[in-house]
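First comes the structure, then the notes that go with it.
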Amino acid sequence: MGTPAAALDELACLEAMRRGDPACLGGFFAAWGDKLYRLALRLTGDPVAAEDVVQEAFLKLMAGAERIEGRARLATWLYRVAYNASIDRLREQKRLQPVPAEDDDAAVPMPETLVEFRLSPEAMARDAETRAALDEAIAAMTPSLRAVFLLRDVEGLSTAEAAEALGITENNLKVRLHRARLALRERLSAHVAGRGAGEGRA
Amino acid sequence: MTCGELVRCLSDYIDDALEPERRAAVEEHLAACDKCHIVLDSTRCTILLSRAAASPSLARERREALLRRLEQACRRSS
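Line by line, the protein sequences give chains E and G.
When we follow numbering that gives the first Met the number 0, the leftmost residue of the first sequence carries the number 0, and every step to the right adds one.
When we follow numbering that gives the first Met the number 0, the leftmost residue of the second sequence carries the number 0, and every step to the right adds one.
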């Protein structure tokens with residue numbers, strides 16, 4: 000992740016912020032603010048809570064005394080704080096009662112809807128209905144599956160980094176990622192199949 | 000390799016995390032099984048779509064207000 004130069008800048012910047020110098024806070028915020036906001040928004044489903052989560056993560060980072068070694072560590076640290084803060088918000092909103100435990104040993108269901116996605120992912124992403132179907136499919140997963148999918152497949156963390164950020168083993172992370180990908184695939188396939196049928200009738 | 004076995008290691012196949020032997024078995028099955036091919040393609044497309052369809056970021060005025068609050072907090076901490 001990143002070049003050595005970038006790692007040096009961000010870690011030097013972090014030390015300056017901890018000394019009370021906000022000169023590079025803007026750049027740091029530009030690099031991380033939106034990433035953390037997107038994760039928190041997807042987890043909480045609430046823009047106000049998501050903004051709160053970003054603020055909490057930055058305040059904790061600036062107040063923290065522990066050394067953070069390397070940019071990968073910084074990423075996992077920030078994502079972990081944002082994830083935990085998001086789960087706290089869900090609990091406060093009573094939208095998570097109680098935290099559902101993931102059953103990583105349960106069998107993953109076999110794919111049911113088999114339909115070719117004829118459009119490219121980029122073309123699908125430009126379609127508002129498909130984006131809405133994707134949002135719904137992501138929101139329908141449990142927060143822990145959602146977090147795994149977002150960190151690995153959307154934010155691009157490695158298996159080891161995502162597992163560290165979420166405080167689970169790499170093996171559990173892989174099981175959950177597999178489950179999340181297949182669940183999303185199933186829902187999007189149903190969406191694509193439904194649209195195909197719609198076009199046929201038109 | 001059966002379809003069920005393929006689906007179980009689909010994610011590892013996509014992440015290129017399979018042993019060479021198992022990978023070869025997956026590819027042999029895929030070459031002959033249209034259904035599993037569709038499952039693989041639609042799963043890959045789902046991942047790429049999720050990456051391409053970014054969720055909204057903070058509105059500009061909210062972002063600037065948040066940044067100002069953080070700058071104040073930073074100065075106070077010294």
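Note that beta-carbon positions come from the ideal geometry of N, C-alpha and C, so glycine has one too.
Taking the alpha helix (DSSP H) that residue i falls in, what are its first and last residues?
i, result
"MET109(E)", "Premise fails: MET109(E) is in no alpha helix (DSSP H) and is neither H nor E."
"PHE57(E)", "46-62"
"PHE27(E)", "24-43"
"SER10(G)", "9-13"
"LYS34(G)", "33-51"
"ALA162(E)", "158-165"
"ARG88(E)", "70-91"
"SER143(E)", "142-148"
"ARG75(G)", "59-75"
Going by CA-CA distance only, name the one from the options that's closest to residue i.
i, options, result
"SER119(E)", "CYS44(G), LEU69(G) and ARG59(G)", "CYS44(G)"
"GLU50(E)", "LEU48(G), ALA58(G), LEU39(G) and CYS73(G)", "ALA58(G)"
"LEU9(G)", "ALA131(E), ARG180(E), ALA64(E) and GLY26(E)", "ARG180(E)"
"ARG186(E)", "SER157(E), ASP134(E) and LYS93(E)", "ASP134(E)"
"HIS177(E)", "ALA105(E), LEU73(E) and ARG117(E)", "ALA105(E)"
"ARG175(E)", "GLY69(E), MET61(E), GLY155(E) and MET140(E)", "MET140(E)"
"ARG151(E)", "ALA64(G), ARG7(G) and ASP14(G)", "ASP14(G)"
"VAL153(E)", "ASP33(G), LEU48(G) and LEU5(G)", "LEU48(G)"
"ALA138(E)", "LEU66(G), ARG75(G) and SER54(G)", "SER54(G)"
"TYR36(E)", "ALA56(E), GLU9(E) and ARG18(E)", "ALA56(E)"
"ARG50(G)", "PHE148(E), GLU68(E) and ASN171(E)", "PHE148(E)"
Return no unless some Cβ of chain E is closer than 8 Å to the Cβ of residue i.
i, result
"ASP40(G)", "yes"
"LEU5(G)", "no"
"GLU60(G)", "no"
"LEU57(G)", "yes"
"GLU70(G)", "yes"
"ARG22(G)", "no"
"CYS32(G)", "no"
"THR1(G)", "no"
"VAL25(G)", "no"
"ALA66(G)", "With the sequence shown as reference, residue 66(G) is identified as Leu, and Ala is not the correct amino acid for it. By this cut-off, LEU66(G) is an interface position."
Return the CA-CA distance between residue i and residue j, expressed in angstroms with no decimal places.
i, j, result
"GLY1(E)", "LEU58(E)", "Bear in mind that the predicted position of GLY1(E) carries a pLDDT of just 46, short of 50, making it unreliable; the figure below should be weighed with that in mind. Spanning the two alpha carbons is a distance of roughly 24 Å."
"LEU113(E)", "ALA64(E)", "52 Å"
"LEU17(G)", "VAL25(G)", "9 Å"
When burial is assigned at 16 or more other CB atoms within 10 Å of the CB, is residue i buried or exposed?
i, result
"THR42(G)", "buried"
"PRO142(E)", "buried"
"ASP102(E)", "exposed"
"LEU183(E)", "buried"
"THR43(E)", "buried"
"MET109(E)", "exposed"
"VAL47(E)", "exposed"
"GLY199(E)", "Confidence is the limiting factor: at GLY199(E) the pLDDT is only 43, short of 50, which leaves the residue's position unreliable, though a coordinate-based value still follows. Under this definition GLY199(E) is an exposed residue."
Give a yes or no on whether 8 Å exceeds the smallest Cβ distance from residue i to chain G.
i, result
"HIS190(E)", "no"
"MET0(E)", "Summary for MET0(E): the model assigns pLDDT 47, below 50, so the residue's position carries little reliability; its value from the coordinates is reported in the next sentence. Chain G contact via Cβ: absent."
"ALA62(E)", "yes"
"LEU152(E)", "The question names Leu, but residue 152(E) in the sequence shown is Asp. Yes, its Cβ sits closer than 8 Å to a Cβ of chain G."
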